[in-house]
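Notes follow once the structure below has been shown.
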Amino acid sequence: MKTLSPTRLLLATLLLVLASPLSAENYSGIVRLRGEIQNDAKPGTISMSLDGQLTGKRSGDKANMTGGGLLRSTTDAITDTTFTGRLQTNMRLTTRPGSPGKLVRTNDLVVVRVTKRYVILPYGRIKLERPIDGALVTRQRIKGFGRLTLKD
-12 MKTLSPTRLL LATLLLVLAS PLSAENYSGI VRLRGEIQND AKPGTISMSL
38 DGQLTGKRSG DKANMTGGGL LRSTTDAITD TTFTGRLQTN MRLTTRPGSP
88 GKLVRTNDLV VVRVTKRYVI LPYGRIKLER PIDGALVTRQ RIKGFGRLTL
138 KD
C-alpha cells in the first residue's frame, strides 16, 4: 500500500475543506443606506436601514440583504467620529427560484465611523449622496450607496 506524502495529504485536506458545505461563503454587492442623524441630544445618534442584493463569491448564489440599527456617538460630534451600537443584518439566500431560501441573521455590536461623506461599517463603506453638516443641530436625512461584504 502506498502512503501519501505530507504535501499531497495537506493538499487533499485543503480541497476537502474548501468543498465542504461548512466553509463560510463571502457575499458581496451594492447596498443602499437610508437614515437620519440627530445632533440635538448629546451624544448624537445615527439611525439607518440597509438593503441590497449580494452575490456569493464562490457559488454565485444571490442573497437579498436587509438590516439596520440605532447607534450612539462616542463623542458630542456627529462627523469625523465613531458610533457604537447593535447592527442587525438579515440575508435571505435564494439558491433556487421558487424556494424560500435560507435566512442568515446577525445582531452584532459594531463600531461605525462617520465622516462628512462616508459611513464606514465593519463590512464596507457607503458614500453619502450629500455631505453631513456637523454644525446643524436638527435632524438630517442621509442616503447613499456602497459595497458591503458579509459572511454566511
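So the sequence shown is numbered by this note's numbering: it starts at -12 and just counts up by one. Idealized CB from N, CA, C, for every residue including glycine.
Between residue 104 and residue 69, the C-beta gap is not smaller than 7 Å, which leaves the two residues out of contact. Counting only runs of at least 4 residues, the segment 12 to 86 fully encloses no alpha helix (DSSP H) element at all. Residue pairing by DSSP leaves residue 121 without any beta bridge partner. Taking residue 115 as the centre and dropping the five residues before and after it, the same chain places the C-beta of 104, 129 and 131 closer than 6 Å to its C-beta, in chain order. Boundaries of the beta strand (DSSP E) around residue 138: 127 to 138. Here the alpha carbons of residue 88 and residue 113 stand approximately 27 Å from one another. For a cut-off of 8 Å, the C-beta gap from residue 136 to residue 15 is around 4 Å, short enough to register as a contact. The alpha carbon of residue 118 has as its nearest neighbour, out of 111, 133, 102 and 98, the alpha carbon of 102.
In its chain, beyond the 5 residues on either side, 23 and 25 have a beta carbon closer than 6 Å to the beta carbon of residue 126. The DSSP-derived three-state label of residue 93 is strand.
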